[in-house]
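Visitor: Pasting in a structure now, in structure tokens, and then I'll have a few things to ask.
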Amino acid sequence: MVNQANQTPNSLISSLEPLLREADIAEPRRELIQLFSYLLQEPVARLLARLDEPLTPQQAEAFVQLVQRRASREPLAYITGTVYFNGLELAVGPGVLVPRPDSEILIEKAVELAQKMEAQPLRLFDTCTGSGAIGIAIARQLHASGKPVTLHLLDQSAEALEYARRNSARWCSDMPVQLEQGDLYPAESLAFNLITANPPYILDSVLPGLMPEVSRYEPALALSGGADGLSFYRRILQRAGDYLLPGGWLLLEHGYDQAESVSSLIKASQEFSEPLQLKDYGGNPRAAVTQLIRRDRR
Numbered sequence: 028m029v030n031q032a033n034q035t036p037n038s039l040i041s042s043l044e045p046l047l048r049e050a051d052i053a054e055p056r057r058e059l060i061q062l063f064s065y066l067l068q069e070p071v072a073r074l075l076a077r078l079d080e081p082l083t084p085q086q087a088e089a090f091v092q093l094v095q096r097r098a099s100r101e102p103l104a105y106i107t108g109t110v111y112f113n114g115l116e117l118a119v120g121p122g123v124l125v126p127r128p129d130s131e132i133l134i135e136k137a138v139e140l141a142q143k144m145e146a147q148p149l150r151l152f153d154t155c156t157g158s159g160a161i162g163i164a165i166a167r168q169l170h171a172s173g174k175p176v177t178l179h180l181l182d183q184s185a186e187a188l189e190y191a192r193r194n195s196a197r198w199c200s201d202m203p204v205q206l207e208q209g210d211l212y213p214a215e216s217l218a219f220n221l222i223t224a225n226p227p228y229i230l231d232s233v234l235p236g237l238m239p240e241v242s243r244y245e246p247a248l249a250l251s252g253g254a255d256g257l258s259f260y261r262r263i264l265q266r267a268g269d270y271l272l273p274g275g276w277l278l279l280e281h282g283y284d285q286a287e288s289v290s291s292l293i294k295a296s297q298e299f300s301e302p303l304q305l306k307d308y309g310g311n312p313r314a315a316v317t318q319l320i321r322r323d324r325r
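Numbering-wise, my numbering comes out as the position in the sequence shown, counting from 1, plus 27.
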């Protein structure tokens, strides 16, 4: 038990760092500073100059409670309620997947493809949207470059969609945005220039063995890809051609070991071009990019 009187951020960090180390937190000091930044509502840069200033007993007690939550492996982003992704501060929390940097390579490619399209406005659809991170990041970059864009975000989870609603209200208030709860595709017959997705792709047998932040806290609905991890890709590809405009593009994030399987499913559909594989910043295959080649829509 930590004595909560006469404490400073530095003294509490020194006292509690071993607790996070024992919990196998990789960078305990960095995370403790982030938790202090959240608690005191101070930017990290300013906080670093104030680590020896006294805390009230109430502040010390509140900090200990935050650290105990992190020691139980609750995701840091759930505790603070935000995560920084692709230059945006996004709201996240229980019921929604925390966006990963791995997705940023898909965003870069989507923006590159969109910039070459003549569509005015460009119609972007992000399914399995979760917090809205991918769709919002793409739309923001396109809008900032002067390219008109409409954004459609869809998820089967009402909880996740509420985060997407908050994030799109903050970052996309100056463009048309539609949010929809549903199963993969809009209920209306709509067509888009770009469809992006980071669907659930973890094998059901693998889920229990994932790191505790994922297996204990993040929603299985956003993770479980069925027995082989590919169930959502099959369903996406069955109907993607019905929702893409001629020459439209489909960008699918996948697991590092699923490139061949996802590419095979794309080829088997006979509606899309030879898929291009994108590698993430760690050098792992991370997304498949393919263009609709079937001209007629059902």
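All residues carry an ideal CB built from backbone N, CA and C; glycine is no exception.
Could you give the residue range of the beta strand (DSSP E) that holds residue 182?
Guide: Within the sequence shown, residue 182 is the residue found at index 155, counting from 1. Counting along the chain, the beta strand (DSSP E) containing residue 182 begins and ends at 176-182.
Visitor: What alpha helix (DSSP H) runs, 4 residues minimum, are completely inside the segment 175-248?
Guide: The segment 175-248 contains these whole alpha helix (DSSP H) runs: 185-198.
Visitor: Looking only at its own chain, which residues have a Cβ that is under 7 Å from the Cβ of residue 258, when we skip the five neighbours before and after it?
Guide: Residue 258 sits at position 231 when you count from the first residue of the sequence shown. Result list for residue 258: 252, in chain order.
Visitor: Per DSSP, what kind of secondary structure is residue 301 in: helix, strand or coil?
Guide: Position 274 of the sequence shown, counted from the start, is the residue given in the question as residue 301. Residue state, collapsed to three classes: coil.
Visitor: Hey, is the segment 242-251 in contact with the segment 59-70, meaning 3+ C-beta pairs nearer than 8 Å?
Guide: No, because fewer than three Cβ pairs between the segment 242-251 and the segment 59-70 fall closer than 8 Å, the two stretches do not touch.
Visitor: Given residue 177, which residues of its chain have a CB within under 8 Å of its CB, disregarding the five upstream and five downstream residues?
Guide: For this step, residue 177 is matched to residue 150 along the sequence shown. So the list reads 148, 149, 150, 151, 202, 203, 204 and 205, once near-sequence residues are dropped.
Visitor: Who does residue 110 pair with in a DSSP beta bridge?
Guide: If you number the sequence shown from 1, residue 110 lands on position 83. Paired residue(s): 117.
Visitor: Give a yes or no on whether the C-beta atoms belonging to residue 133 and residue 292 are separated by under 8 Å.
Guide: Numbered from its first residue, the sequence shown carries residue 133 at position 106. Numbered from its first residue, the sequence shown carries residue 292 at position 265. No. Outside cutoff.
Visitor: What did DSSP end up calling residue 324 once you bin it into helix, strand or coil?
Guide: Within the sequence shown, numbered from 1, the residue matching residue 324 stands at position 297. For residue 324, the pLDDT reaches just 48, beneath the cut-off of 50, and the residue's location in the model is therefore unreliable, although a value from the coordinates is still provided. Residue state, collapsed to three classes: coil.
Visitor: Grab the span of the alpha helix (DSSP H) containing residue 269 for me, first residue to last.
Guide: By one-based count along the sequence shown, residue 269 stands at place 242. That run of the alpha helix (DSSP H) goes 258-270.
Visitor: Threshold first: 3 residues or longer. Then list the beta strand (DSSP E) segments lying entirely within the segment 134-183, N to C.
Guide: List check, beta strand (DSSP E) in window: 149-154 and 176-182.
Visitor: Terminal residues of the continuous beta strand (DSSP E) containing residue 316?
Guide: As a working mapping, residue 316 is identified with position 289 in the sequence shown. Segment 312-318, the beta strand (DSSP E) holding residue 316.
Visitor: Using DSSP with H/G/I as helix, E/B as strand and the rest coil, what is residue 273?
Guide: As a working mapping, residue 273 is identified with position 246 in the sequence shown. Correct three-state label for residue 273: strand.
Visitor: Of all the alpha helix (DSSP H) runs that stay within the bounds of the segment 44-112, which reach a length of 4 or more residues?
Guide: Those alpha helix (DSSP H) runs which fall completely within the segment 44-112 and span 4+ residues are 55-67, 71-74, 84-98 and 103-107.
Visitor: Under 8 Å Cβ to Cβ from residue 47, same chain only, skipping five residues before and after it: list those, please.
Guide: Within the sequence shown, the letter at position 20 stands for residue 47. If we look at residue 47 and ignore the five residues flanking it on each side, its Cβ neighbours are 55, 58, 59, 94, 97 and 98.
Visitor: On a Cα-Cα basis, can you pick out the residue from 299, 312, 68 and 313 that is closest to residue 320?
Guide: To locate residue 320, count along the sequence shown from 1; it is residue 293. The shortest C-alpha separation from residue 320 is found at 299.
Visitor: Where do the ends of the alpha helix (DSSP H) carrying residue 384 lie?
Guide: Summary: the structure shown does not reach residue 384, with the chain confined to residues 28 through 325, and so no result is reported for it.
Visitor: Measure the alpha-carbon distance for residue 165 versus residue 83 and round it to whole angstroms.
Guide: Position 138 of the sequence shown, counted from the first residue, corresponds to residue 165. Position 56 of the sequence shown, counted from the first residue, corresponds to residue 83. Distance between the alpha carbons of residue 165 and residue 83: 43 Å.
Visitor: Residue 78 and residue 36 - do their beta-carbons sit closer together than 8 Å?
Guide: What you label residue 36 is simply residue 9 of the sequence shown in a count that begins at 1. What you label residue 78 is simply residue 51 of the sequence shown in a count that begins at 1. Yes, these two residues count as a Cβ contact at 8 Å.
Visitor: Per DSSP, which one or two residues make a beta bridge with residue 279?
Guide: Along the sequence shown, one-based indexing puts residue 279 at 252. Beta-bridge pairing links residue 279 to 224 and 315.
Visitor: Nearest-angstrom Cα distance between residue 34 and residue 65?
Guide: Translated into the one-based positions of the sequence shown, residue 34 becomes position 7. Translated into the one-based positions of the sequence shown, residue 65 becomes position 38. Taking the straight line from one Cα to the other gives about 17 Å.
Visitor: By DSSP's criteria, residue 306 is part of a beta bridge. Which residues make up the other side?
Guide: By one-based count along the sequence shown, residue 306 stands at place 279. DSSP, once it has assigned bridges, lists 312 as partnering residue 306.
Visitor: So residue 327 is in the alpha helix (DSSP H); what residue range does that whole segment cover?
Guide: Nothing about residue 327 can be read from this structure; the chain reaches only from 28 to 325.
Visitor: Check this for me: beta carbons of residue 256 and residue 285, under 8 Å apart or not?
Guide: As a working note, residue 256 is residue 229 in the sequence shown. As a working note, residue 285 is residue 258 in the sequence shown. Cβ distance < 8 Å, so residue 256 and residue 285 count as in contact.
Visitor: Measuring CB atoms only, is the segment 180-197 touching the segment 216-233, in the sense that at least three cross pairs come out at less than 8 Å?
Guide: The segment 180-197, when compared against the segment 216-233, does not touch it at the 8 Å Cβ threshold.
Visitor: Out of 53, 87 and 73, which has the shortest C-alpha to C-alpha gap to residue 42?
Guide: Residue numbering aside, residue 42 sits at position 15 when the sequence shown is read from its first letter. Comparing Cα positions, the closest option is 87.
Visitor: Are the beta-carbon atoms belonging to residue 153 and residue 180 less than 8 Å from one another?
Guide: Position 126 of the sequence shown, counted from the start, is the residue given in the question as residue 153. Position 153 of the sequence shown, counted from the start, is the residue given in the question as residue 180. It is a contact, given that the beta carbons lie within the stated cut-off.
Visitor: Is residue 126 helix, strand or coil by DSSP?
Guide: Reading the sequence shown from its first residue, position 99 is the one you call residue 126. Here residue 126 sits in coil by DSSP.
Visitor: Would you call residue 283 buried or exposed, if buried means 16 or more other Cβ atoms sit within 10 Å of its Cβ?
Guide: For this step, residue 283 is matched to residue 256 along the sequence shown. The residue is exposed, with fewer than 16 neighbouring Cβ atoms inside 10 Å.
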